[in-house]
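Notes to accompany the following structure.
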Amino acid sequence: MVCPTSDLCVGGCNLQASEEGPINIGGLQQFATEVFKQMRIPQTRAPGTQVKFAESKIALLGCGPASISCATFLARMGYNNIDIFEKHSYIGGLSSSEIPQYRLPLSVVNFEVELLKNLGVKIHTQRSLSKNDLTIMNLRKSGYKAIFIGIGLPEAKRDSLTDGLTSQMGFYTSKTFLPQVANGSKRGLCGQCTCQLPSLYGRVIVLGAGDTAFDCATSALRCGATRVFVVFRRGFTNIRAVPEEIELAREEKCEFLPFLSPKRIIVEGGKITAMEFYRTEQTDSGQWVTDPEQTTRIKADFVISAFGSGLYNNDVVEALHPLKLNINNLPVVDMATLGSSEPDVFVGGDLAGLSETTVEAVNDGKTAAWHMHSYIQKSYICSRGPIGPPSLPRFHTPIDEVDLSVEMCGMRFISPFGLASAPPTTTSAMIRRAFQQGWAFAVTKTFSLDKDLVSNVSPRIIRGVTSRNNYGPEQGSFLNIELISEKTASYWCQSVTELKKDFPDRIVIASIMCSYNAEDWTELAQMAELSGADALELNLSCPHGMGESGMGLACGQDPMLVKNISLWVRKAVKIPFFVKLTPNITDIVALAKAAQEGKASGVSAINTVQGLMSVDCEGVPYPAIGQEKRTTYGGVSGNAVRPIALKAVSAIARALPGFPIMGI
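For the sequence shown, UniProt numbering begins at 1 and goes up steadily by one.
Below, the structure is given as structure tokens:
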């Protein structure tokens, strides 16, 4: 919800320049998380999870995103004695106190915290890093083996021109304004108190161009401001905020005023009435300078300063002893490990000075968790070398204990969900990525002997006509003219070998195709078997472009040819094989019977259905190419052909009870 996906995953999506645009990864993740939240399923440790010295005491200071992440991964690894100490009565850090409710609801933060508590992590509120409460030294004396500091930067940076200004006069910092907004909008954040939103009106100036500044701007509108000006020293290309924040402010009619540096705030009758600015410019050398001869005056009723934050409380600074601090009184941090000058103390989030967003703070916690684990393990065995490659446990729930495995033809599938031979399995890398994401099996893109290689522009696919959504999962159908793979048999055989080595529990099925020639089928089938494939799929049903070579559909519509090819392959290999059946025939059961008579292990049903997607009122087909509007029949897939597929599968199952069918 607050991840800058436009700068990260969505920004690199291959569909960025397409008609539909990039995949809404953040929206999909949010939807999946919301559904999971409604299921009320706890997080658990994976059975058998063990770690040496599991009772080692671990302390985390601050309960923001970095600490929550760090504690979660440490608990998943098996540590049982984890304590988080939070200064406030609420938990969640800036996610609770400064990110507005309309961007990140409190219920989302509480959900993450409950998942953390599921693992036995203890959270102690109203305990702070202070020489009068918790210090690095007294935590050590209390037996804590490792310490993580994620207290953020609690004080706002203030310009000297704001000295003496108060909220009664109309001046706020982000550290006074946003927490008040949170207390007034996030029900339950401040306990039983009934906090009110800041009461703004008229014109508001927000100083700064980071994420926090834009949160202040959009929150000010919700607190009653009629106009909001976001004023910053540099140009638009220097705005540090993520695109999502900028776009939200723009849509809500915030005004952006670049190249202005504060000169003075004008107060009349105890109230702010205006603010004056110098014009800023960038020199040819790249240096930013102010021009005192160019000034701008903007009327204002309120000013909110969002120039960043720091650590200025000497009480907290003294509690950090004996950590080595930099000139800003912040801990000196190793960027790779997030370790401090003390081997048992680690730092993350804003305090480390490396992360600027919530997702980066979460990653800090993840990184620190591994290195804290490494430190604990090495400290007990007096070792300085690495304890092994970094490896952190995944999210685990009781659902993961449900056995989804199925067996067919002597093969054990960890689940019945896999990828058919289609564009998603165009390359070995795509199959590898699918296995990394949990898919149980994959059928390779169909390949042939080198003498039968084709040139395939992949993918060639269009959206089908539909009476529902044009985009998204409810599209009715697709039409493609995908040919078989243009990659060589040796490429695919090597890929199968590598995939089986790296994913021994996944099923890899090699999809192969030849013309009606016994020697060709024997050679290719044996190559695929030697590569380590668990099974073969004989593609006798490709509906486009292969008939001219006597391949695909040219073989798959004749039961006698299906039987003979099956007999050739059965004689050549010992592993299971499945004949991929075409629906482009009157009686698909006859083909299934022929495959069974040919000693095939089973059948795959179905391939795409030949079709012409659309014709306009002038008789011109869609899609059509060139001035002559030429087209061909393609393969129709998607929801539109599901009834045909289900009918085919059920008809085969009724006619051949017990005969294995891959319904893909």
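All residues carry an ideal CB built from backbone N, CA and C; glycine is no exception.
Beta-carbon within less than 8 Å of residue i's beta-carbon, same chain only, minus the 5 sequence neighbours each way: which residues are those?
{"i": "residue 496", "result": "444, 508, 510, 528, 531, 532, 533"}
{"i": "residue 536", "result": "509, 510, 511, 512, 525, 528, 529, 569, 573, 575, 576, 577, 578"}
{"i": "residue 235", "result": "258, 259, 282"}
{"i": "residue 476", "result": "464, 465, 466, 467, 468, 638, 639, 640"}
{"i": "residue 288", "result": "233, 234, 280, 281, 282"}
Could you spell out where the beta strand (DSSP E) holding residue i opens and where it closes?
{"i": "residue 433", "result": "No beta strand (DSSP E) contains residue 433, which is instead part of the alpha helix (DSSP H) from 428-436."}
{"i": "residue 83", "result": "81-86"}
{"i": "residue 335", "result": "No beta strand (DSSP E) holds residue 335; DSSP gives it neither H nor E."}
{"i": "residue 312", "result": "Run containing residue 312: none; DSSP gives neither H nor E here."}
{"i": "residue 480", "result": "478-480"}
{"i": "residue 402", "result": "Residue 402 -> no beta strand (DSSP E), and no H or E assigned at all."}
{"i": "residue 411", "result": "411-413"}
{"i": "residue 57", "result": "57-61"}
Using DSSP with H/G/I as helix, E/B as strand and the rest coil, what is residue i?
{"i": "residue 575", "result": "coil"}
{"i": "residue 517", "result": "coil"}
{"i": "residue 645", "result": "helix"}
{"i": "residue 597", "result": "helix"}
{"i": "residue 215", "result": "helix"}
{"i": "residue 44", "result": "coil"}
{"i": "residue 177", "result": "helix"}
{"i": "residue 536", "result": "strand"}
{"i": "residue 73", "result": "helix"}
{"i": "residue 199", "result": "coil"}
{"i": "residue 662", "result": "strand"}
{"i": "residue 1", "result": "coil"}
{"i": "residue 146", "result": "strand"}
{"i": "residue 261", "result": "strand"}
{"i": "residue 305", "result": "strand"}
{"i": "residue 331", "result": "strand"}
{"i": "residue 346", "result": "strand"}
{"i": "residue 561", "result": "helix"}
Go through its chain and collect everything with a Cβ distance to residue i's Cβ below 7 Å, but skip five positions before and after it.
{"i": "residue 399", "result": "41"}
{"i": "residue 57", "result": "81, 143, 144, 145"}
{"i": "residue 170", "result": "271, 272, 301, 302, 303"}
Tell me which same chain residues have a C-beta within less than 6 Å of the C-beta of residue i, skipping the five on either side of it?
{"i": "residue 135", "result": "319"}
{"i": "residue 304", "result": "172, 177, 206, 216"}
{"i": "residue 61", "result": "85, 129, 149, 151"}
{"i": "residue 492", "result": "444, 447"}
{"i": "residue 245", "result": "211, 214"}
{"i": "residue 180", "result": "198"}
{"i": "residue 308", "result": "157"}
Hey, is residue i's beta-carbon within less than 8 Å of any beta-carbon in chain D?
{"i": "residue 443", "result": "Absent from the structure is chain D; it holds one protein chain and no more."}
How would you call residue i, buried or exposed, if buried means at least 16 neighbouring beta carbons within 10 angstroms?
{"i": "residue 571", "result": "exposed"}
{"i": "residue 237", "result": "exposed"}
{"i": "residue 294", "result": "exposed"}
{"i": "residue 646", "result": "exposed"}
{"i": "residue 277", "result": "buried"}
{"i": "residue 55", "result": "exposed"}
{"i": "residue 123", "result": "buried"}
{"i": "residue 138", "result": "exposed"}
{"i": "residue 275", "result": "buried"}
{"i": "residue 196", "result": "exposed"}
{"i": "residue 229", "result": "buried"}
{"i": "residue 79", "result": "buried"}
{"i": "residue 548", "result": "Reliability of the predicted coordinates at residue 548 is poor, the pLDDT of 49 falling under 50, and the value obtained from them is presented with this limitation in mind. So residue 548 ends up on the exposed side."}
{"i": "residue 335", "result": "exposed"}
Note the first and the last residue of the continuous alpha helix (DSSP H) segment covering residue i.
{"i": "residue 464", "result": "Premise fails: residue 464 is in no alpha helix (DSSP H) and is neither H nor E."}
{"i": "residue 640", "result": "Looking at the DSSP string, residue 640 is not in any alpha helix (DSSP H), and its letter there is neither H nor E."}
{"i": "residue 243", "result": "243-251"}
{"i": "residue 665", "result": "What the structure shows of the chain is the stretch from 1 to 664, and residue 665 is not part of that stretch, so it cannot be assessed."}
{"i": "residue 236", "result": "Unbroken run through residue 236: none, as it is neither H nor E."}
{"i": "residue 209", "result": "Run containing residue 209: none; DSSP gives neither H nor E here."}
{"i": "residue 501", "result": "489-502"}
{"i": "residue 37", "result": "25-39"}
State the beta-bridge partners of residue i as determined by DSSP.
{"i": "residue 610", "result": "635"}
{"i": "residue 10", "result": "None, per the DSSP bridge assignment."}
{"i": "residue 442", "result": "419, 508"}
{"i": "residue 280", "result": "290"}
{"i": "residue 125", "result": "86"}
{"i": "residue 580", "result": "539, 604"}
{"i": "residue 255", "result": "229"}
{"i": "residue 378", "result": "According to DSSP, which records beta bridges pairwise, residue 378 is partnered with nothing at all."}
{"i": "residue 297", "result": "276"}
{"i": "residue 447", "result": "512"}
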